Amino acid sequence: GDMARVTREDATQERSTRSYRRRYDGRVPNAPSCSSNLRFYRNEIPSSPHGALIEVILNEWKDDMRLLETHHGYVQWLFPIHEEGMNANAQVLQVHEAERMKADPQIRERMKRSYAMMMRFYGADVVNFVTGELRRSENFRERLNNLNQRAHNWLRVSRVLKWLGEVGFEHYKLPLVFFLAYETLDSKLLSRCSDSLVDFWIGTLRRDGELDVILAYINRELSADDLLQQIRSTSRCPAEEASPSPSSSSQPPPPSPQRPEAAAAVEQPDENPGLSSAGDDTAHNLQADSENDGNPVQQDEETAEDKAK
Numbered sequence: 001g002d003m004a005r006v007t008r009e010d011a012t013q014e015r016s017t018r019s020y021r022r023r024y025d026g027r028v029p030n031a032p033s034c035s036s037n038l039r040f041y042r043n044e045i046p047s048s049p050h051g052a053l054i055e056v057i058l059n060e061w062k063d064d065m066r067l068l069e070t071h072h073g074y075v076q077w078l079f080p081i082h083e084e085g086m087n088a089n090a091q092v093l094q095v096h097e098a099e100r101m102k103a104d105p106q107i108r109e110r111m112k113r114s115y116a117m118m119m120r121f122y123g124a125d126v127v128n129f130v131t132g133e134l135r136r137s138e139n140f141r142e143r144l145n146n147l148n149q150r151a152h153n154w155l156r157v158s159r160v161l162k163w164l165g166e167v168g169f170e171h172y173k174l175p176l177v178f179f180l181a182y183e184t185l186d187s188k189l190l191s192r193c194s195d196s197l198v199d200f201w202i203g204t205l206r207r208d209g210e211l212d213v214i215l216a217y218i219n220r221e222l223s224a225d226d227l228l229q230q231i232r233s234t235s236r237c238p239a240e241e242a243s244p245s246p247s248s249s250s251q252p253p254p255p256s257p258q259r260p261e262a263a264a265a266v267e268q269p270d271e272n273p274g275l276s277s278a279g280d281d282t283a284h285n286l287q288a289d290s291e292n293d294g295n296p297v298q299q300d301e302e303t304a305e306d307k308a309k
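So the sequence shown is numbered by UniProt numbering: it starts at 1 and just counts up by one.
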């Protein structure tokens with residue numbers, strides 16, 4: 001059945017989530033000599049270890065789902081945040097870098113493309129780069145199944161959400177959290193992600209009213225259709241988001257005419273026997289990740305928060 005009622009306290013009590021919401025109490029790194037993230041996004045230096053220039057990643061890696069799954073060095077470079085990660089080769093995001101990245105139109109385009117690439121990896125297409133609206137991609141079942149089974153991706157999602165808020169895309173968070181909540185609670189394709197959803201994902205929403213809106217949806221006080229209308233209302237988007245889509249990526253297909261996109265495939269019976277049911281034993285499912293076991297870079301995307309998990 002439905003999960004127990006989720007409160008604001010539930011969504012904001014986890015230590016790293018609290019710290020992020022409070023903007024680290026002002027303790028954010030800002031060393032002028034550290035500029036690796038800025039230089040990476042300027043296409044001047046490659047990611048590391050075993051990495052590439054950002055234009056290579058965005059052009060040549062973007063459709064290689066196996067590479068994006070098994071390579072553990074690129075995530076901290078594409079999505080730098082003000083927290084230490086497990087990749088010693090990546091640098092924590094500095095305040096001066098974030099400010100310059102937000103102000104550089106070419107870097108903003110690259111950041112949108114990074115986000116779109118990661119969303120496709122998770123089974124979502126960015127329908128609109130002004131509002132951040134998402135809808136299921138063509139291969140959403142396979143991609144959501146991968147996300148449901150491989151727990152290290154849940155940590156990546158937490159990182160992407162935090163990153164959006166540091167580099168000028170705070171308004172992209174609500175559509176992403178809605179997508180994740182829908183697939184966790186309604187379609188059940190992310191049946192194993194409910195703890196991450198409550199403890200780590202919804203609590204990253206820092207804008208007035210957005211956490212309350214998603215809680216109303218999770219607690220069945222607001223319909224998916226109504227929430228989608230809120231996402232589509234451009235009033236929630238900052239004025240500078242004028243360009244509807246990154247020039248270098250192909251235009252997303254128009255939304256399907258059926259029901260609101262998030263809910264579009266709900267009526268279809270689930271024909272994929274490989275999807276786990278909510279009752280599955282978590283320990284058993286973690287064996288799906290065993291191909292990465294014993295590999296020290298397995299934990300690369302973890303931040304300090306994740307050791308608590």
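By construction, the Cβ of each residue, glycine as well, lies at the ideal position given by its N, Cα and C atoms.
Just so it is clear, the structure is predicted and the values come from calculations on it, not from any experiment.
Any heavy atom of the ligand MN closer than 7 Å to the beta-carbon of residue i?
i	result
P32	Among the components modelled here there is no ligand, and therefore nothing to report on the ligand MN.
Classify residue i as helix, strand or coil using the three-state DSSP reduction.
i	result
L155	helix
E124	The question names Glu, but residue 124 in the sequence shown is Ala. DSSP places A124 in strand when its eight states are reduced to three.
S276	Summary for S276: the model assigns pLDDT 30, below 50, so the residue's position carries little reliability, and this model does not support an answer.
P252	In this predicted model, P252 has a pLDDT of only 38, less than 50, meaning its place in the structure is not dependable enough to derive any value.
G85	strand
A103	helix
R207	coil
L227	helix
E221	coil
L189	coil
V266	Low confidence applies to V266: its pLDDT is 35, below 50, so where it sits in the model is not reliable, and the reading given next is rough at best. V266 falls in the coil class under three-state DSSP.
V198	helix
A242	Residue confidence is low: A242 scores 47 on pLDDT, short of 50, so the model does not pin down where it sits. Its coordinate-derived value is still stated next. It is coil, neither helix nor strand.
R18	helix
M3	coil
V28	coil
A95	Going by the sequence as given, residue 95 is Val instead of Ala. Helix at V95.
S233	coil
V160	helix
Q149	helix
V167	coil
DSSP beta-bridge partners for residue i?
i	result
L180	Paired residues: none, contrary to the question.
L134	V126
Compute the beta-carbon to beta-carbon distance between residue i and residue j, rounded to the nearest angstrom, for a pair I have assumed lies under 8 Å.
i	j	result
F178	E14	Between E14 and F178 the Cβ distance is about 20 Å, and since that is not below 8 Å, they are no contact.
A98	W77	With 8 Å as the limit, A98 and W77 do not qualify as a contact, their Cβ atoms being about 14 Å apart.
R192	I107	Going by Cβ atoms, the distance from R192 to I107 rounds to 35 Å, so no, they are not a contact pair.
V6	N148	Contact flag wrong, Cβ pair sits at about 20 Å.
L197	L180	6 Å
Check whether the Cβ atoms of residue i and residue j sit closer than 8 Å, and answer yes or no.
i	j	result
V28	H96	no
M117	K62	yes
V130	C237	yes
M65	F121	yes
I202	E133	no
P105	W163	no
L93	E183	no
D125	S114	no
E69	N145	no
K102	G168	yes
R21	R206	yes
G73	S47	yes
L211	A11	yes
L227	V213	yes
_Every unbroken alpha helix (DSSP H) inside the region 30-90 [4 residues or more]_ = 36-41, 65-70 and 75-78
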